[in-house]
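With the sequence shown counted from 1, adding 203 to any position gets you the working numbering.
A virtual CB, placed ideally from N, CA and C, is assigned to each residue, including glycine.
Quantities reported herein were computed from a predicted structural model and do not represent experimental measurements.
For reference, the structure is listed below as structure tokens.
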Amino acid sequence: MTGTNSFFVRTSGCNLRCWFCDTPYASWRPEGDQVSIADIVQAIEDSGVRHVVLTGGEPLLPKESVLLCEMLRERGHHITIETAGTIARDVACDLMSISPKFRTSAPDASEHPRWSELHEQRRMPIATMQTLIEQSADYQVKFVVDGSRDLEELQEIVAQLGVPAEKVWVMPQGVSNAELDQAATWLRPWTAERGFQYCDRMQIRWYGNRRGT
Ligand code: SF4
Numbered sequence: 204m205t206g207t208n209s210f211f212v213r214t215s216g217c218n219l220r221c222w223f224c225d226t227p228y229a230s231w232r233p234e235g236d237q238v239s240i241a242d243i244v245q246a247i248e249d250s251g252v253r254h255v256v257l258t259g260g261e262p263l264l265p266k267e268s269v270l271l272c273e274m275l276r277e278r279g280h281h282i283t284i285e286t287a288g289t290i291a292r293d294v295a296c297d298l299m300s301i302s303p304k305f306r307t308s309a310p311d312a313s314e315h316p317r318w319s320e321l322h323e324q325r326r327m328p329i330a331t332m333q334t335l336i337e338q339s340a341d342y343q344v345k346f347v348v349d350g351s352r353d354l355e356e357l358q359e360i361v362a363q364l365g366v367p368a369e370k371v372w373v374m375p376q377g378v379s380n381a382e383l384d385q386a387a388t389w390l391r392p393w394t395a396e397r398g399f400q401y402c403d404r405m406q407i408r409w410y411g412n413r414r415g416t
């Protein structure tokens, strides 16, 4: 939630390979240290922060995420999971934030033929997304729109998921204030007309396109 002091846990590794991935160190070139669940929980407890955001990469890829969420909920933490919604896990959280990936998100097939194929196979399991939604206390479906070519598919996905408009968030792709401002001129009214929520990319506006923000 924008403006809420939160502890971010970022898992490294992803089952997709979006061409625009803004965390390539957790997808295309995964890196990071192995940290035990107990140590993560302890670090969160020591921080004194109640809200925890589990993100990635794809945070539902490691099955240990289920135990991490259980332990944090037992300790009274509010948990948001940011996921592409492609992996079924029996995991409990307070807010399941699902970001389905459009067909335009696939990597270039001439450069990455295997990943392009896998990406297309994996990116849109509607039944899995519905299960994640049903088992969560609350949810949102968040779309990052790169251009008008994504809008038809966005509406198809919303219809297939059967979610109400107020649960749908739309944000522009963009890595600079100028790009975000330009996208807002046409995407904001399109979003409002359909009763969806428009969301700017505040981390870009506040910190720029920088790692760790
Ligand atoms: S699903 Fe997310 S983390 Fe994975 S490649 Fe796409 S943008 Fe990156």
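Straight-line gap, residue i to residue j (C-alpha atoms, nearest Å)
| i | j | result |
| --- | --- | --- |
| Gly377 | Trp231 | 19 Å |
| Thr416 | Phe305 | Unreliable placement is indicated for Thr416, whose pLDDT of 49 sits below 50; the coordinate value is still reported in the next sentence. Going from the Cα of Thr416 to the Cα of Phe305 covers about 24 Å. |
| Ser215 | Gln343 | 23 Å |
| Arg397 | Pro375 | 16 Å |
| Pro392 | Gln358 | 15 Å |
| Asp349 | Ile240 | 36 Å |
| Leu270 | Glu248 | 16 Å |
| Lys345 | Asp242 | 30 Å |
| His281 | Glu356 | 32 Å |
| Leu383 | Arg325 | 29 Å |
For residue i, the first and last residue of its enclosing beta strand (DSSP E)
| i | result |
| --- | --- |
| Pro310 | Where Pro310 is concerned, there is no enclosing beta strand (DSSP E), given that its DSSP letter is neither H nor E. |
| Glu285 | 281-286 |
DSSP three-state assignment for residue i, whether helix, strand or coil
| i | result |
| --- | --- |
| His254 | strand |
| Thr416 | Here the model assigns Thr416 a pLDDT of 49, short of 50, so the residue's position is not dependable, and the following value carries that caveat. In the structure shown, Thr416 sits in coil (DSSP, three-state: anything other than H, G, I, E or B). |
| Ile336 | helix |
| Lys345 | strand |
| Ile301 | strand |
| Arg408 | Confidence at Arg408 is low in this model, with a pLDDT of 49, below 50, so its placement is unreliable and no value can be given for it. |
| Gln237 | coil |
| Cys221 | coil |
Extent of the continuous alpha helix (DSSP H) to which residue i belongs
| i | result |
| --- | --- |
| Thr388 | 380-396 |
| Arg317 | 316-325 |
| Arg213 | Element bounds for Arg213: not the alpha helix (DSSP H) but the beta strand (DSSP E), 209-213. |
| Val361 | 354-364 |
| Val373 | Looking at the DSSP string, Val373 is not in any alpha helix (DSSP H); the run it does join, the beta strand (DSSP E), is 371-375. |
| Leu270 | 267-277 |
The ligand SF4 heavy atom lying under 8 Å from the CB of residue i
| i | result |
| --- | --- |
| Ala312 | no |
| Lys304 | yes |
| Phe223 | yes |
| Gly377 | no |
| Arg220 | yes |
| Ala291 | no |
| Trp389 | no |
| Trp231 | yes |
| Cys296 | no |
| Ser308 | yes |
| Thr226 | yes |
| Ala287 | yes |
| Cys148 | The shown model of the chain, from 204 to 416, leaves out residue 148, and the question about it has no answer. |
| Glu261 | yes |
The region 289-305 touching the region 257-266, judged by at least three CB pairs closer than 8 Å: yes
At least 3 beta-carbon pairs within less than 8 Å: the region 331-341 vs the region 282-294: yes
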